[in-house]
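Student: I'd like to ask you about the structure that follows.
Number of protein chains: 2
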Amino acid sequence: MMSANHCLGVGIVICLCAAAASGATGQQAPPKPAAAQAAPDRNPTRALATKAFDAFTQGLGTGNWQAFFDLMSDDFTFTFPTGKYLGTHAGKATAMEFFGYVSKVYPEGLKVTLDKVTVDGSTAIFEFRDEGTLVLPSGRQPYKNRVAVSMDFKDGKLVAYREYFGSDGKSY
Amino acid sequence: MMSANHCLGVGIVICLCAAAASGATGQQAPPKPAAAQAAPDRNPTRALATKAFDAFTQGLGTGNWQAFFDLMSDDFTFTFPTGKYLGTHAGKATAMEFFGYVSKVYPEGLKVTLDKVTVDGSTAIFEFRDEGTLVLPSGRQPYKNRVAVSMDFKDGKLVAYREYFGSDGKSY
Chain A
2 MMSANHCLGV GIVICLCAAA ASGATGQQAP PKPAAAQAAP DRNPTRALAT KAFDAFTQGL
62 GTGNWQAFFD LMSDDFTFTF PTGKYLGTHA GKATAMEFFG YVSKVYPEGL KVTLDKVTVD
122 GSTAIFEFRD EGTLVLPSGR QPYKNRVAVS MDFKDGKLVA YREYFGSDGK SY
Chain B
2 MMSANHCLGV GIVICLCAAA ASGATGQQAP PKPAAAQAAP DRNPTRALAT KAFDAFTQGL
62 GTGNWQAFFD LMSDDFTFTF PTGKYLGTHA GKATAMEFFG YVSKVYPEGL KVTLDKVTVD
122 GSTAIFEFRD EGTLVLPSGR QPYKNRVAVS MDFKDGKLVA YREYFGSDGK SY
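Right under this line is the structure:
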């Protein structure tokens, strides 16, 4: 019966930026060869990831998914681990239906605690915990889970979303 | 009853390296300022991640976990989504017990298909599919899942492992 995750609108994104942190001294020494020179992290995926996670948590918290839908490509795919949306589904229309369903079963939203963001190339993976109340015709039940969501970006759009569960829906 | 994942010894690691791929031309023009200069990815986590995933898949495939255990720090923690090892557990000794248990319930190993490796800072996340046979006293059953494993490294050692399930143990 545990079928989906939501979040309240907590959109704090921690950027791990090894390249930028490991050598920017500001001194005026001659430029080093490229191979030895630390460069700030310029991966545009970081900014997109922040935007996407903000929109995602907004949708989960409020039921207003417009900002998240606006980021999706038309051929967006999502992969979900359980329930009626188990598996991989193609097309933005199906995704809109899915995220609408999520807001239906968690109408009060979930509280999200973001633990880690891992960005590499065109992919960003968010590890977070969430909790709230699953509301079904059969009744209400507390919900608590660990989740990892992997997002792929292309040409400024979100093209794929893969969700993974790290706990049992009842505990962290 | 689905409690753990194994893999056969397939240890191919794809390194996504945006910085290295986006501008190394080899020409002799004067060095650009650091901010504009593409640098090869020097994150040592990539090499460690390859080594760890190779050792992990070797353990899953053969039951010989020594190489994987050798990479663990003494205060290694692992987090597992279900079954008797649900939750987060601290200490290398408990981890050794856990991975031994994994080899007990999947004695024939699992076939692994690695889909994506995402490396950032000191973390590497592996998204893969695996399949094989779960063997319990009650009988044998086919096993198939999507998995994400997030590994944190520190001082050349593996310090944390978090496993997430992306499917239901019966399908991809």
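Those protein sequence lines, which keep their order, are chains A and B. Note that the first sequence covers residues 2 to 173 in the working numbering. Note that the second sequence covers residues 2 to 173 in the working numbering. All residues carry an ideal CB built from backbone N, CA and C; glycine is no exception. Values in this document were obtained by computation on a predicted structure and should not be read as measured data.
What does ASN146 of chain A pair with, by DSSP beta-bridge criteria?
Tutor: A:ASP131
Student: What is the C-beta distance between GLY60 of chain A and PHE99 of chain A, in whole angstroms, given that I count them as a contact (C-beta under 8 Å)?
Tutor: That pair is no contact at about 11 Å.
Student: Can you tell me whether GLU109 of chain A is helix, strand or coil according to DSSP?
Tutor: DSSP places GLU109 of chain A in coil when its eight states are reduced to three.
Student: Are the Cβ atoms of ASP121 of chain A and ASP121 of chain B separated by less than 8 Å?
Tutor: yes
Student: Compute the Euclidean distance between the alpha carbons of PHE77 of chain A and ALA96 of chain A, then round it to the nearest angstrom.
Tutor: 8 Å
Student: State yes or no: is the beta carbon of PRO82 of chain B nearer than 8 Å to at least one beta carbon in chain A?
Tutor: yes
Student: Within 8 Å (strictly less), CB to CB, does PHE57 of chain A reach chain B?
Tutor: no
Student: Any idea if ASP156 of chain A is buried or exposed, counting beta-carbon neighbours within 10 angstroms, 16 or more meaning buried?
Tutor: exposed
Student: Excluding the 5 residues flanking ASP153 of chain B on each side, which residues of the same chain have their C-beta closer than 7 Å to its C-beta?
Tutor: SER123, THR124, VAL160, ALA161
Student: Using a Cβ-Cβ cut-off of less than 7 Å, give me the residues of the stretch 109-137 of chain B that come near chain A, in sequence order.
Tutor: LYS117, THR119, VAL120, ASP121, GLY122, THR124, ILE126, GLU128
Student: Alpha carbons only, please: which of B:SER74, B:LYS145, B:PRO45, B:VAL150 is nearest the one belonging to SER172 of chain B?
Tutor: B:LYS145
Student: Any Cβ of chain B within less than 8 Å of the Cβ of LEU87 of chain A?
Tutor: yes
Student: What I want to know is whether the C-beta of THR114 of chain A ends up closer than 7 Å to one or more non-hydrogen atoms of the ligand HEM.
Tutor: With respect to the ligand HEM, the structure offers nothing, as it holds no ligand at all.
Student: For PHE174 of chain B, decide whether its Cβ has a neighbour in chain A, counting only Cβ atoms nearer than 8 Å.
Tutor: With chain B represented from 2 up to 173, any question about residue 174 of chain B goes unanswered, as that position is not in the structure.
Student: Using the beta-carbon count (16 or more within 10 Å), is ARG141 of chain B buried or exposed?
Tutor: Burial call: exposed.
Student: Show which residues of chain B have a CB atom less than 8 Å away from the CB atom of SER151 of chain A.
Tutor: LYS117, THR119, ILE126, GLU128, ALA149
Student: How many angstroms separate the CA atom of THR26 of chain A from the CA atom of ASN44 of chain A?
Tutor: In this prediction, THR26 of chain A has a pLDDT of 39, which is less than 50 and means its spatial position is unreliable; what the coordinates show is noted afterwards. Cα to Cα, the separation comes out at about 21 Å.
Student: Mind listing the chain B neighbours of SER104 of chain A? Cutoff is C-beta to C-beta under 7 Å, in chain order.
Tutor: Correct list: empty, because the minimum Cβ distance to chain B is about 22 Å.
Student: To test your reading of the DSSP string, which unbroken beta strand (DSSP E) runs of 3 or more residues are found completely within the stretch 37-81 of chain B?
Tutor: 73-81
Student: Say whether chain A places a C-beta atom closer than 8 Å to the C-beta of TYR156 of chain B.
Tutor: First, the amino acid is wrong: residue 156 of chain B is Asp here, not Tyr. Cβ-Cβ to chain A under 8 Å: no for ASP156 of chain B.
Student: Where do the ends of the beta strand (DSSP E) carrying LYS158 of chain A lie?
Tutor: Unbroken beta strand (DSSP E) run through LYS158 of chain A: 158-166.
Student: For chain B, find out if any of its Cβ atoms is closer than 8 Å to the Cβ of SER74 of chain A; answer yes or no.
Tutor: By this cut-off, SER74 of chain A is not an interface position.
Student: Rounded to the nearest angstrom, what separates THR63 of chain A and ALA56 of chain B at their Cα positions?
Tutor: 44 Å
Student: Please confirm if the stretch 125-139 of chain B is in contact with the stretch 82-92 of chain B, defined as three or more CB-CB distances below 8 Å between the two stretches.
Tutor: no
Student: 8 Å is my cut-off, CB to CB: does ASP177 of chain B come that close to chain A?
Tutor: One cannot answer for residue 177 of chain B here, as it falls past the ends of chain B, which runs 2 to 173.
Student: Using a Cβ-Cβ cut-off of 8 Å (strictly less than) and excluding sequence neighbours within five positions of ALA53 of chain B, which residues of its own chain qualify?
Tutor: The beta carbon of ALA53 of chain B sits closer than 8 Å to the beta carbons of PHE69, LEU72, ALA125, MET152, PHE154, LEU159 from its chain, once the five residues preceding and following it are set aside; these are given in chain order.
Student: Quick one: grab the DSSP three-state call for ASP169 of chain B.
Tutor: coil
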